[in-house]
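Protein chains in written order, with full-length UniProt numbering: chain A, 1 to 347; chain B, 1 to 347.
Protein chains: 2
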Amino acid sequence: MVGMRDVAKAAGVSLSTVSLVVNNTGYVSADMRAKVESAMRQLNYIPNELARNLYRNRTNTIGVIMPTIAHPFFSTLTAHLQREFAARDLKTLLCSTADTDKGESEYIDMLQRHMMDGIIMAAHTEHPADYWTSIHRPIVAFDRTLGEGVPVVRSDHEQGGRLIARQLIDSGARHVVLVGGPRSQFAEGTTFPTIRYHLTVERLLAEAGIACDYVEAGTVADIAAHEATACAIFEQYPDVDAIVGSDVVASVALQEASRRGIEVPADLQVIAYDGTLMAETAGKRLTAIRQDFPAIAAALAVRMDSQIAADGGPASPSKNDSASDVDTQPTPEEVIPVALIPGETTR
Amino acid sequence: MVGMRDVAKAAGVSLSTVSLVVNNTGYVSADMRAKVESAMRQLNYIPNELARNLYRNRTNTIGVIMPTIAHPFFSTLTAHLQREFAARDLKTLLCSTADTDKGESEYIDMLQRHMMDGIIMAAHTEHPADYWTSIHRPIVAFDRTLGEGVPVVRSDHEQGGRLIARQLIDSGARHVVLVGGPRSQFAEGTTFPTIRYHLTVERLLAEAGIACDYVEAGTVADIAAHEATACAIFEQYPDVDAIVGSDVVASVALQEASRRGIEVPADLQVIAYDGTLMAETAGKRLTAIRQDFPAIAAALAVRMDSQIAADGGPASPSKNDSASDVDTQPTPEEVIPVALIPGETTR
DNA sequence: CTGAAAGCGCTTACAG
DNA sequence: CTGAAAGCGCTTACAG
């Protein structure tokens, strides 16, 4: 392995001169630079980034914690995140909680051991209330409230709920089935804002006097369960005339409806929540609430930027502690609008 | 930041003793260990992994270069890879070529700068013949022949082609449309083994006297193009009675067929190549050639293991150079069987 | 079994 | 504008 030392020797200059040339820092005379550069080329010198990382205590790597990217929602989100980070010269370390026996605590560990500069938390594991706030390193949550000081980016699920409810009410739905995660996540003080779309739909439909049942489809990582659930709906609720669920659930429900000879949208409407590619490849183009992946990813990246800037900032307690106390925003939350994309599965 | 030095001071022992305790290496007396451990706890010591990385010249990170994980094939593959690597305590660095303005050469750069221990190459960019072999660091290719010394793992596309052809012949297809990547990739000496399934199908259908047209669907990252292509088939070939393409293409083609009132499978058969989740969420369960993701990921990981072992090995030219010459396998290629999963879209 | 020393490869003040 | 020196935080021979 050829190092700076070798280059310095070959060029007949000092170590620091080589460093200056490599980093294009400070002033180096033209011929010094030339000598160094030709030596680098001749020896085929490649700087060892690890040494720099050690010195700077930075790896330019962000951990992206997802339940699993086998799920289209999370693969889409991750793809967009990766683009945002790459544009900032940040690497994306893929951290799945469902594909692995590793929980996110192992990833947090890696964060603290300085192998990552920050973490995007989009997995669904639950933790004691103070777990996240006690970490004191750059974390940004997606669609999770993790506690004071952990910024959140999420879609406007209330809006999503309103859009769905309006569609269903206007089209004269009579019996709606909502498919979603474990109802236990709906408890008071839940950390899952996602549920608000279900709650909103339920409330608005109730006000309109429309029957609405909720069916649990298992956790987001259990895709087989989604498929089974979607098929079972028709047994359990023979007179269902509208189904609302994730792209996966909606697609499978639509498929099952076709198998049973149920006319969509005449006798059954289907609305997908998420709006990934899968909503376009189902039996018909699904009417979908589209979460705005580019905007979500951009917002997450911007938040991450500032979290990192804050972290890299005053390592020693700043003299004006009071000022920073004043600055403490009460868990900044950024809400991204959604849109209803009309498809072929609603009236 | 509290470091080993602080722990040593607090425990009243030397630096190396702390190191031994932390790494659970060598012999440390019980009370020494106890003192150190309590000091670590009190100071809340967290080892800085960067320093270790520098010393060991290893990051335990594998770069996974994909065109884009927005495509279901690559997100599925990546999910499985991540599982395999995690089981080996290797991190997965997500490297997309299509989601980014970065080409894989930038990732190769990171490999050489020792920020990654190895690279899985599954993207589709072309390079001069000697590019890959000149890197001399752990690389394993998926479905790409990259040159001498770069192991390849791929599905048995010839078998895939045979399975498809047999299905089409046995069911009495008359006019088949094959949808795939740019035909320019089919040139002699191509580095894309994938094309062999098309070539095999074409040959076998020709022998059977069945008409077969090839339609280009754009690169794998251009999903919008796939969708457009799938719809256009019906205009271009009004009498098509079988369509073969990736999960995405097949799903969209099926959707379009339904829109046009074409009966599947009676008047049109559809076969999907890949067999991801998307093949299950289309309008009907797609008959699919399923690539064996778990086996592919496992094979890639095993190859990566040995590439890394070889790389970490004799840094200095070994005395028996001749022996290693003899050992040089001519580009090991591991071929994983595929399977035809019968669905509702074939007769 | 423990400690002082050198070193992983680079960076950055700091004298000249 | 250049060079000798200290240091990033840890590891590992190597004396004791």
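For each residue, glycine too, the CB sits at the ideal point set by N, CA and C.
Using the beta-carbon of each residue, which ones in chain A are nearer than 9 Å to residue 49 of chain B?
110, 113, 114 and 115
Mapping the DSSP letters down to three states, classify residue 142 of chain A as helix, strand or coil.
strand
Closest Cβ-Cβ distance between residue 23 of chain B and chain A: below 8 Å?
no
Skipping 5 residues on each side, what residues in its chain have a beta carbon closer than 8 Å to that of residue 84 of chain B?
297, 298, 300 and 301
Would you check if there are 3 or more beta carbon pairs closer than 8 Å linking the stretch 89 to 106 of chain B to the stretch 152 to 164 of chain B?
no
Closest Cα partner of residue 249 of chain B within the set B/115, B/210, B/279 and B/18
B/279
Whose C-beta lies closer than 7 Å to the C-beta of residue 291 of chain B among residues of the same chain, with five residues either side of it excluded?
155, 274, 275 and 338
Residues in the same chain with beta-carbon distance under 8 Å from residue 198 of chain B, minus the five sequence neighbours each way, listed in chain order, please.
161, 178, 180, 186 and 214
Around the Cβ of residue 209 of chain A, are there at least 16 other Cβ atoms within 10 angstroms (buried) or fewer (exposed)?
exposed
Any beta carbon from chain B within less than 8 Å of residue 3 of chain A's own beta carbon?
no
Residue 223 of chain B at chain A interface by Cβ criterion, 8 Å
yes
From this set, B/281, B/305 and B/340, which residue's C-alpha is nearest residue 71 of chain A's C-alpha?
B/281
Distance, Cα to Cα, residue 106 of chain B vs residue 92 of chain B?
16 Å
Reduced DSSP category for residue 61 of chain B - H, G, I as helix; E, B as strand; rest coil
strand
Could you check the C-alpha separation between residue 19 of chain A and residue 221 of chain B for me, to the nearest Å?
40 Å
My understanding is that residue 228 of chain A touches residue 245 of chain A, with C-beta atoms under 8 Å, so please give their C-beta distance in whole angstroms.
With a Cβ gap of about 13 Å, residue 228 of chain A and residue 245 of chain A do not count as contacting.
Tell whether a beta-carbon distance below 8 Å holds between residue 225 of chain A and residue 217 of chain A.
yes
State buried or exposed for residue 345 of chain A, treating a residue as buried only when at least 16 other CB atoms are found within 10 Å of its CB.
buried
Within 10 angstroms of its Cβ, does residue 56 of chain B collect 16 or more other Cβ (buried), or is it exposed?
exposed
Which chain B residues sit within Cβ distance under 8 Å of residue 86 of chain A?
96, 99, 100, 101 and 102
Output the boundary residues of the alpha helix (DSSP H) element that contains residue 78 of chain B.
72 to 87
Beta strand (DSSP E) runs wholly inside the stretch 138 to 203 of chain B, at least 3 long, in chain order
139 to 142, 152 to 155 and 175 to 180
Using 10 angstroms around the beta-carbon of residue 75 of chain A, count the other beta-carbons present and answer buried if the total reaches 16, otherwise exposed.
buried
If contact is defined by three or more beta carbon pairs under 8 Å, each pair taking one atom from either stretch, is the stretch 15 to 35 of chain A in contact with the stretch 36 to 43 of chain B?
no
Taking residue 83 of chain A as the query, report the chain B residues whose CB atoms sit under 7 Å from its CB, ordered along the chain.
99 and 100
Enclosing alpha helix (DSSP H) for residue 308 of chain B [first to last residue]:
293 to 312
Closer than 9 Å at the beta carbon, the chain A residues around residue 278 of chain B:
72, 251, 277, 278 and 281
Give me the residue from B/44, B/43, B/88 and B/15 with the minimum Cα distance to residue 306 of chain B.
B/88
Enumerate in chain order the residues of its own chain whose CB-to-CB distance from residue 182 of chain B is below 6 Å, with the five nearest sequence positions on each side excluded.
216
Whole angstroms are fine: how far does the CA of residue 194 of chain B sit from the CA of residue 68 of chain A?
27 Å
Runs of beta strand (DSSP E) lying entirely within the UniProt domain "HTH lacI-type" (2 to 56) of chain B, each at least 3 residues, in chain order:
none
Let me make sure I understand the geometry here. Which of A/176, A/264, A/204 and A/283 has the alpha-carbon closest to that of residue 233 of chain A?
A/176
Residues in its own chain within less than 6 Å of residue 169 of chain B by CB, not counting five upstream and five downstream?
208
Chain A residues whose Cβ lies nearer than 9 Å to that of residue 339 of chain B:
Simply none; closest approach about 18 Å.
Using a C-beta cutoff of 8 Å, does residue 255 of chain A count as contacting chain B?
yes
If I'm right that residue 243 of chain A touches residue 270 of chain A with Cβ under 8 Å, what's the distance once you round it to whole angstroms?
5 Å
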